[in-house]
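Protein chains in written order, with the working numbering: chain A, 6 to 188; chain B, 79 to 173; chain C, 21 to 127.
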Amino acid sequence: MIVSVDDVAKNDDKPISIFLKSFFSFLITFVLMFSAWIVLSGKFDPLLLWLGGISSFFVAYYFYDLLFPIIEKGYGGVFLRFTGYLPWLIWEIVKANFHLLYLAFHPRMKDLIDPHIITFKTHLKSDIAITTLANSITLTPGTITVTADSDGVFRVHAIDRESAEALPGIMLKKVAKVFGEEI
Amino acid sequence: MSTFFLSVALGLLFLMLFSMYRALFGPTILDRLIGVNAIGSKTVILLLLIGFLYERIDMFVDIALAYAFLNFVAVLAASRYFHKRKGLYEESFMD
Amino acid sequence: MDILVIFCLTIGLLFFLGGAVGIIRMPDFYSRLHPAGKLDTLGIFAMVMGLAIYNLHHFSFEALLLSAKMFLIVFFVFLSSPTATHSIVDAGMRAGLRHWTKKKRKG
């Protein structure tokens, strides 16, 4: 459940809690930036470490609400469930990739494929859930998200009937479960 | 092992020629864009292989990373740019 | 160990080959996006996996860091490839391209 900064300010009387939440997202951003610095530089001079620390401090200070918007509750839960969602997604991608590979090498491909556009409506609210679902649909071969607007209406271009049938079902359920929303 | 890497790199170059066909003769501009994108994603791997062949992988990994970023930005910018060209496709669209 | 590397690279090459053949053979550009955007993504994943395993042959901390950097490429490609695909589809939609449908034979 993600709300904007204004909503939190309206709902919460205590300013201390919003400070804590901002500090938490600041801390996550800082750790992420600093580990990216370490991986990219690969050197462990004290000077370089200090430079990286200072620059990631400033980046995290100014842009802390850009990467992780202030979340009302359940930081850890969403990340844990998202980590649990990833292996299933990768397995699904691999499975569907072999299907597409079979299609590409099939000598009578034009008889097998049947491109069409399907539309379905979901009740996902938050932007990040819609984005995750849209990207998951696009990553799973055979289907490409054409449009996905903030009301939860998806238009999907599917390459054959088989990959279109599986669509608004199980993946939507999983994404809704990850972000704690009803379908 | 380096012989195998060399042959894989040559295979990738051969595949790039396939995508080059689409980039050169694609019926619409967006087809060319797809071809260019496919060439770019193969180039990332090619750069890594070149790094292993020259035994300077620590340097070439950075180049490959930057190339992946550039490829993404190029495709994004080009496809945004072609939003406005309405009449461009009608006569060139192959049925 | 070498066998695993060779296996990964061959799988990646197979995916790339499928992508290239798909780009050539598919009838219109919406369906060309399917092999182009996604077989290439998985091809990059498989090949980088193989190269990272090969890189860890002589194990050291720097080699580990280099492999992490390679997986950063994979992470970025997984993040950016749907966005690029979606932006191309969006451009095609706004330009008003019809998508290829199967011709109904005999009525």
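C-beta atoms are modelled at their ideal positions from N, C-alpha and C, and glycine is treated no differently. These numbers were taken from a predicted model, which means no experiment stands behind them.
message: Along the chain, where does the beta strand (DSSP E) containing C:I31 start, and where does it finish?
response: From DSSP, C:I31 is part of no beta strand (DSSP E) but of the alpha helix (DSSP H) over 22-45.
task: My understanding is that A:G147 touches A:D132, with C-beta atoms under 8 Å, so please give their C-beta distance in whole angstroms.
output: Contact annotation, A:G147 with A:D132: C-beta distance approximately 25 Å; criterion of less than 8 Å not satisfied.
message: On a Cα-Cα basis, can you pick out the residue from A:L37, A:L71, A:K48, A:P51 that is closest to A:S61?
response: Residue A:L37 is the option with its Cα nearest to A:S61.
- request: For A:T137, name the three-state secondary structure that DSSP assigns.
  value: Shown here, A:T137 sits in a helix according to DSSP, grouped into three states.
message: Please list, in chain order, the residues of the stretch 58-78 of chain C that have any C-beta partner in chain B closer than 8 Å.
response: Taking 8 Å as the cut-off between beta carbons, the residues of the stretch 58-78 of chain C near chain B are D60, T61, G63, I64, M67, V68, L71, Y74, N75, in sequence order.
query: With distances taken from CA atoms, which of C:V68, C:R45, C:F49 is nearest C:V94?
result: Closest option to C:V94, Cα to Cα, is C:V68.
- prompt: For A:R160, which of helix, strand or coil comes out of DSSP?
  reply: DSSP places A:R160 in strand when its eight states are reduced to three.
- request: Check whether the stretch 28-43 of chain C touches the stretch 57-74 of chain C, counting contact only when three or more Cβ pairs, one atom from each stretch, lie closer than 8 Å.
  value: Yes, since at least three Cβ pairs between the stretch 28-43 of chain C and the stretch 57-74 of chain C fall closer than 8 Å, the two stretches touch.
message: List, in chain order, every chain A residue whose beta-carbon is nearer than 8 Å to that of C:R45.
response: Going along chain A in sequence order, the residues near C:R45 (Cβ under 8 Å) are A109, M114.
- prompt: What separation, rounded to the nearest whole angstrom, lies between the Cα atoms of A:T267 and B:L95?
  reply: This structure does not reach residue 267 of chain A, given that chain A is present from 6 up to 188, and the question cannot be answered.
- request: Can you grab the Cα-Cα spacing for the pair A:S27 / A:Y69, in whole Å?
  value: Distance between A:S27 and A:Y69, taken at the CA atoms: about 7 Å.
query: For a contact meaning CB atoms closer than 8 Å, what does C:G32 contact in chain A?
result: Ordered by position in chain A, no residue passes the 8 Å Cβ test against C:G32, which lies about 11 Å from the chain.
B:V139 vs C:L86 beta-carbon contact at 9 Å: Annotated as proximal: B:V139 and C:L86, with beta-carbon spacing under 9 Å.
field: Proximal chain C residues relative to B:Y99, where beta-carbon distance stays under 8 Å
entry: I44, listed in chain order.
- prompt: Are three or more beta carbon pairs between the stretch 94-110 of chain A and the stretch 155-163 of chain A nearer than 8 Å?
  reply: At 8 Å Cβ cutoff, the stretches do not touch.
message: Suppose contacts are defined by Cβ-Cβ distances below 9 Å. Is C:L62 in contact with A:V99 by that definition?
response: Judged by beta-carbon spacing, A:V99 lies within the 9 Å limit of C:L62, meaning their Cβ atoms are closer than that value.
- prompt: Along chain B, in chain order, which residues have C-beta atoms closer than 7 Å to that of C:L37?
  reply: Under a criterion of Cβ atoms nearer than 7 Å, the residues of chain B adjacent to C:L37 are, in order, L93.
message: Quick check: the Cα distance between A:R160 and B:V114, rounded to an integer number of angstroms?
response: Distance between the alpha carbons of A:R160 and B:V114 is about 26 Å.
- prompt: Are A:T143 and C:G70 closer than 9 Å when you measure CB to CB?
  reply: No.
message: Less than 9 Å between the C-beta atoms of C:I64 and B:V122, yes or no?
response: Yes, the pair counts as a contact, with Cβ atoms nearer than the cut-off.
message: Within 9 Å of any Cβ in chain C, is that where the Cβ of B:T81 sits?
response: Taking Cβ atoms only, chain C never reaches closer than 9 Å to B:T81, which makes this a no.
- prompt: Is any beta-carbon of chain B found at less than 9 Å from that of C:L16?
  reply: Look at the range of chain C in this structure, 21 to 127, and you will see that residue 16 of chain C is not part of it.
message: Along the stretch 143-164 of chain A, where does the CB come closer than 7 Å to a CB of chain C? Name the residues.
response: T143, L144, P146, G147, I149, T150, V151, H162, I164: these are the residues of the stretch 143-164 of chain A whose beta carbon lies less than 7 Å from some beta carbon of chain C, given in chain order.
task: Would you grab the beta carbon distance between B:L108 and C:A111 for me? Rounded to a whole angstrom, and I think it's under 8 Å.
output: About 6 Å separates the two Cβ atoms, so the contact holds.
task: Return helix, strand or coil for A:I123, following the three-state DSSP convention.
output: Strand at A:I123.
Between the CA atoms of A:A139 and A:L177 - distance to the nearest angstrom: As the crow flies, the alpha-carbon of A:L177 is around 10 Å from that of A:A139.
message: If the criterion is Cβ atoms closer than 9 Å, does the pair B:L102 and C:F36 meet it?
response: Not a contact, by the Cβ cut-off of 9 Å.
field: Min CB distance C:A23 to chain B below 9 Å
entry: Sequence inspection shows Ile at residue 23 of chain C; the Ala mentioned does not correspond to that position. Answer no: the Cβ-Cβ gap between C:I23 and chain B never drops below 9 Å.
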